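The structure under discussion appears below in the form of structure tokens.
Number of protein chains: 2
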Amino acid sequence: MNNYVEIICVGNELLIGKTLNTNSQWLGKRITTLGLTTHRITVVGDDVNEISCAIIEAIRRKSRFIISTGGLGPTFDDKTLEGIAKALKRKILLNQEALKMIKDKYFEYSQDGKKEPVELTPHRIKMAMLPQGSKPIPNSVGTAPAVIIEHNNLIIIALPGVPSEMKSIFEKSVTSLLKPFSEGTSFFEISINSTRVMESEIAPIIDKVMKSVPSVYIKSHPKGTESSPQIELHLSTYGKDADKAKDHLNKAVQQLTKLIKENLKKSDLQNQKID
Amino acid sequence: MNNYVEIICVGNELLIGKTLNTNSQWLGKRITTLGLTTHRITVVGDDVNEISCAIIEAIRRKSRFIISTGGLGPTFDDKTLEGIAKALKRKILLNQEALKMIKDKYFEYSQDGKKEPVELTPHRIKMAMLPQGSKPIPNSVGTAPAVIIEHNNLIIIALPGVPSEMKSIFEKSVTSLLKPFSEGTSFFEISINSTRVMESEIAPIIDKVMKSVPSVYIKSHPKGTESSPQIELHLSTYGKDADKAKDHLNKAVQQLTKLIKENLKKSDLQNQKID
């Protein structure tokens, strides 16, 4: 079963660099931890055509899930649902379940401040205008409901862009939806740090260890420079059997450490010869 | 002239949420400040097909520039140039100019530490294997050269993923390449903060002001909640005439402030009636 997830983040503020996209990092980490694979992250602006194109492209790549963030609020440029509707060729309709969620929210707000009941203006009703066949998901932190839409084999989950709302809805309503698609697979990782050895010297060592323990993926993250190297080596694997997965990681760590140490000894010897 | 830029960030670490994508934010901000428009940001893993697909898709969307980050180093999973070559149907060849840059770097490193001359291993030579017709750009902070490739009307700029290297090359060699495409246009922005008024109340106010000053784009960024609102209103515009652009921004700020104050007075009056 394909367990590919694509993340689509909507917002001009992400494109102009006003806002750091912490949402996609948080989602990427959670999706991986749940045992699924984030295949791509796409950021587009607040534009119906752009959103629609991004959705159509993700459908063509045969994702199992598309998780979007942003563009569900009451302002003119909250256009995610319109973009999804366009991509799926569905109508936008007033969803009574979503409208009730929004009504209840505003009633709650007026009780809080003991103010006059808050009127359901067109901008507030807009948050209940969903693509045909949508299921609204309650937003306990904010106002705009999140939305789930099934389309053939694909599930689109539209989450708000405010991080606290996005995270709360993900944990309460999305985790349980994604988890079965991992089919019991989990993600395992470990990092080790190496100094004094250049990334270009570690490169052939990584090749060797990955050939010897092919289930483990090793990636080097240079933190220093090539001449004054500090390298984080990140080892990761997916697996259904935790003991086996950890065993493979340990085996790879041992081989890596051994080969790096041998490399250091060799170059120390060479330098001694020069001195 | 089309001045659209797409950013493509390559790296599994971005998809699994291990690394926060600060590169795309930094690039988005710089591109905007230079007067160009970032049209899309795409994040893909260290996979030749994924990189190639992302490039082909960006070409189809008729970008003027594609700026990629990551995947230029010496390890097996540094695959950006291979992905670009595949997308453009070009061969990967040893580039003598890039090879010289790399040779000089390793000579420099060996002088620094007074070590034995560093050997040009296959993993080091790999960093000089560029798509046919590439122009290498020196990397004064790190080792792997950046790469510029022209393809019909498109310019692809492949930058390293290490932020300090990426930023340094962008400022030294990319800024001057992009700037003429802004055709003298600059980006202007201002933010104002509003409390006590809900985002859903501000939404129709934004509509009004944007109708009155259509050159200014106004986006609300809720920082609090709908019941305890703290909203940043971000106003922005592109323009060739700085005075005119600032004038438009000021006009929009004045109208926004006036309408928000009126709204507050109205709701205060309503609440007094209840009390």
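Protein chains in written order, with this note's numbering: chain A, 1 to 275; chain B, 276 to 550.
Yeah, the Cβ is synthetic: ideal placement off N, Cα and C, and Gly gets one too.
Bear in mind that the values here come from a model prediction, so they are computed numbers and not experimental data.
Exercise for review: Give the residues from the region 18 to 31 of chain A that approach chain B closer than 9 Å (Cβ to any Cβ), ordered along the chain.
Suggested key: Result list: K18, T19, L20, N21, T22, S24, Q25, W26, L27, G28, K29, R30, I31.
Residues near I192(A) in its chain [Cβ-Cβ closer than 8 Å; skip 5 each side]
For the purposes of this step, residue 192(A) is identified with residue 192 of the first sequence, where counting begins at 1. For I192(A), where only same-chain residues beyond five positions count, the Cβ hits under 8 Å are E232, L233, L235, V253, L256, T257.
*Closest to S200(A) by CA distance: which of G184(A), V213(A), S220(A) is it?*
Position 200 of the first sequence, counted from the first residue, corresponds to residue 200(A). Looking from the CA of S200(A), the closest CA among G184(A), V213(A), S220(A) belongs to S220(A).
(message) Cβ closer than 7 Å: which chain B residues qualify as neighbours of F170(A)?
(response) The residue given as residue 170(A) occupies position 170 in the first sequence. Neighbours of F170(A) on chain B: none; closest Cβ ~13 Å, over 7 Å.
Please list, in chain order, the chain B residues whose beta carbon lies closer than 7 Å to that of D207(A).
Stepping through the first sequence from its first residue, residue 207(A) is reached at position 207. For D207(A), the chain B residues whose Cβ falls inside 7 Å of its Cβ are F351, in order along the chain.
_Less than 8 Å between the C-beta atoms of V197(A) and H248(A), yes or no?_
As a first step, residue 197(A) must be located in the first sequence, where it is residue number 197. As a first step, residue 248(A) must be located in the first sequence, where it is residue number 248. Against a cut-off of 8 Å, the Cβ pair of H248(A) and V197(A) comes out as no contact.
Could you list the residues in the region 495 to 517 of chain B with a C-beta less than 8 Å from some C-beta on chain A, going in chain order?
-> Closer than 8 Å at the C-beta level to chain A, one finds these residues of the region 495 to 517 of chain B: S495, H496, P497, T500, E501, S502, H509, S511.
### Query
Are the C-beta atoms of H123(A) and some chain B residue less than 8 Å apart?
The residue labelled residue 123(A) in the question sits at position 123 within the first sequence. Output row for H123(A): interface = yes.
Practice task
Give the interface partners of T42(A) over in chain B, defined as CB-CB distance under 8 Å, in chain order.
Solution key: In the first sequence, the residue the question calls residue 42(A) occupies position 42. Correct list: R315, I316, T317, V318.
Practice problem: Let me know if S439(B) comes out buried or exposed under the rule of 16 or more other beta-carbons within 10 Å of its beta-carbon. | Solution: Your numbering for residue 439(B) matches position 164 in the second sequence. When all chains shown are included, S439(B) counts as exposed.
(message) Can you tell me where the alpha helix (DSSP H) holding E357(B) begins and where it ends?
(response) On the second sequence, position 82 is the one that residue 357(B) refers to. Looking at the DSSP string, the run of the alpha helix (DSSP H) that includes E357(B) is 355 to 363.
Legend entry - Contact set between S278(A) and chain B, taken where Cβ atoms lie within less than 9 Å: The requested residue 278(A) is not part of the displayed model; chain A covers only 1 to 275.
* Asked: How big is the Cα-Cα spacing for I274(A) and S385(B)?
  -> In the first sequence, counting from the first residue as 1, residue 274(A) sits at position 274. In the second sequence, counting from the first residue as 1, residue 385(B) sits at position 110. Reliability of the predicted coordinates at I274(A) is poor, the pLDDT of 46 falling under 50, and the value obtained from them is presented with this limitation in mind. Between the alpha carbons of I274(A) and S385(B) lies a gap of roughly 12 Å.
Query - Spatially closest choice to E97(A) from E119(A), G133(A), D268(A), L36(A), by CA coordinates - result: For the purposes of this step, residue 97(A) is identified with residue 97 of the first sequence, where counting begins at 1. Considering only alpha carbons, the answer is G133(A).
Just the C-alpha distance for N2(A) and P131(A), rounded to the nearest angstrom, thanks. Counting from 1 along the first sequence, the entry for residue 2(A) is found at position 2. Counting from 1 along the first sequence, the entry for residue 131(A) is found at position 131. In this structure, the alpha-carbon of N2(A) lies about 25 Å from that of P131(A).
Open item on the list: Rounding to the nearest angstrom, what Cα-Cα distance links K293(B) and A360(B) in this structure?
Closed with: Residue numbering aside, residue 293(B) sits at position 18 when the second sequence is read from its first letter. Residue numbering aside, residue 360(B) sits at position 85 when the second sequence is read from its first letter. Going by the C-alpha atoms only, they are around 28 Å apart.
Would the region 453 to 468 of chain B count as touching the region 306 to 323 of chain B if we require 3 or more Cβ pairs under 8 Å? Between the region 453 to 468 of chain B and the region 306 to 323 of chain B there are three or more inter-stretch CB-CB distances shorter than 8 Å, so the stretches are counted as touching.
* Asked: Given a threshold of 16 other Cβ atoms within 10 Å of its Cβ, counted over all protein chains shown, does K366(B) qualify as buried or as exposed?
  -> By one-based count along the second sequence, residue 366(B) stands at place 91. By the neighbour-count criterion, in which a residue is buried when 16 or more other Cβ atoms sit within 10 angstroms of its Cβ, K366(B) is exposed.
**Message:** Just list the residues that DSSP pairs Y238(A) with in beta bridges.
**Reply:** The residue you call residue 238(A) lines up with position 238 of the first sequence. The partner list for Y238(A) (beta bridge, DSSP) reads F187(A).
### Message
For S194(A) and K454(B), what's the separation of their Cα atoms in angstroms?
### Response
What you label residue 194(A) is simply residue 194 of the first sequence in a count that begins at 1. What you label residue 454(B) is simply residue 179 of the second sequence in a count that begins at 1. C-alpha separation (whole angstroms): 40 Å.
| message | Please list, in chain order, the chain B residues whose beta carbon lies closer than 7 Å to that of V162(A). | response | Position 162 of the first sequence, counted from the start, is the residue given in the question as residue 162(A). For the C-beta of V162(A), the chain B residues within less than 7 Å are, from N- to C-terminus, P497.
Subject >> Residues that T312(B) bridges to, as DSSP identifies them >> reply: Against the second sequence, residue 312(B) aligns to sequence position 37. In DSSP, T312(B) forms a bridge with Y279(B).
Sequence-distant residues of the same chain with beta carbon closer than 6 Å to A333(B), five excluded per side
Counting from one through the second sequence, the residue named residue 333(B) turns up at place 58. If we look at A333(B) and ignore the five residues flanking it on each side, its Cβ neighbours are E281, I341.
| field | 6 Å Cβ shell around M561(B) - same chain, five flanking residues per side excluded | value | Any property of residue 561(B) remains undetermined from this structure, which presents chain B solely from 276 to 550.
On a CA-only basis, which of N263(A), E108(A), S267(A) is nearest E595(B)? Give me that one, please.
The shown model of chain B, from 276 to 550, leaves out residue 595(B), and the question about it has no answer.
Thinking C-beta only, is P145(A) closer than 8 Å to I156(A)? One-based indexing of the first sequence puts residue 156(A) at position 156. One-based indexing of the first sequence puts residue 145(A) at position 145. Going by beta carbons, I156(A) and P145(A) fall outside the 8 Å limit.
Pull up the DSSP beta-bridge partners for Y193(A), would you.
Counting from one through the first sequence, the residue named residue 193(A) turns up at place 193. For clarity, residue 193(A) is Asn in the given sequence; the question names Tyr instead. E232(A), per the DSSP bridge assignment.
(request) Say whether chain A places a C-beta atom closer than 8 Å to the C-beta of P479(B). (result) On the second sequence, position 204 is the one that residue 479(B) refers to. Judged by the 8 Å Cβ criterion, P479(B) is in contact with chain A.
Original post:
Is the beta carbon of I291(B) sitting closer than 8 Å to the one on K240(A)?
Top reply: Taking the second sequence and counting its residues from 1, the one referred to as residue 291(B) is at position 16. Taking the first sequence and counting its residues from 1, the one referred to as residue 240(A) is at position 240. Going by C-beta atoms, I291(B) is not nearer than 8 Å to K240(A).
In angstroms, rounded to a whole number, what distance separates the CA positions of V318(B) and M166(A)? On the second sequence, residue 318(B) is found 43 positions in, with the first residue counted as 1. On the first sequence, residue 166(A) is found 166 positions in, with the first residue counted as 1. Between the alpha carbons of V318(B) and M166(A) lies a gap of roughly 20 Å.
* Rounded C-beta distance between T355(B) and L347(B)? I'm assuming under 8 Å. -> Taking the first residue of the second sequence as 1, we reach residue 355(B) at position 80. Taking the first residue of the second sequence as 1, we reach residue 347(B) at position 72. Going by Cβ atoms, the distance from T355(B) to L347(B) rounds to 6 Å, so yes, they are a contact pair.
- Item | Best match in M129(A), A87(A), I51(A), E50(A) for proximity to H151(A) [C-alpha to C-alpha] | Walking along the first sequence from the start, residue 151(A) turns up at place 151. That would be A87(A), whose Cα lies nearest to the Cα of H151(A).
Inset, instruction - Enumerate in chain order the residues of its own chain whose CB-to-CB distance from Y334(A) is below 6 Å, with the five nearest sequence positions on each side excluded. - result: Limits of chain A in this structure are 1 at one end and 275 at the other, which puts residue 334(A) out of reach.
Inspect the beta-carbon positions of N538(B) and I481(B) and report whether they are closer than 8 Å. Taking the second sequence and counting its residues from 1, one reaches residue 538(B) at position 263. Taking the second sequence and counting its residues from 1, one reaches residue 481(B) at position 206. No, they are not a contact pair.
* To do: Starting from the C-beta of S212(A), find all residues in its chain whose C-beta is less than 7 Å away, skip the five residues before and the five after it, and write them out in chain order.
  => Working through the first sequence from its first residue, we reach residue 212(A) at position 212. Excluding residues within five positions, the ones whose Cβ falls inside 7 Å are Q255.
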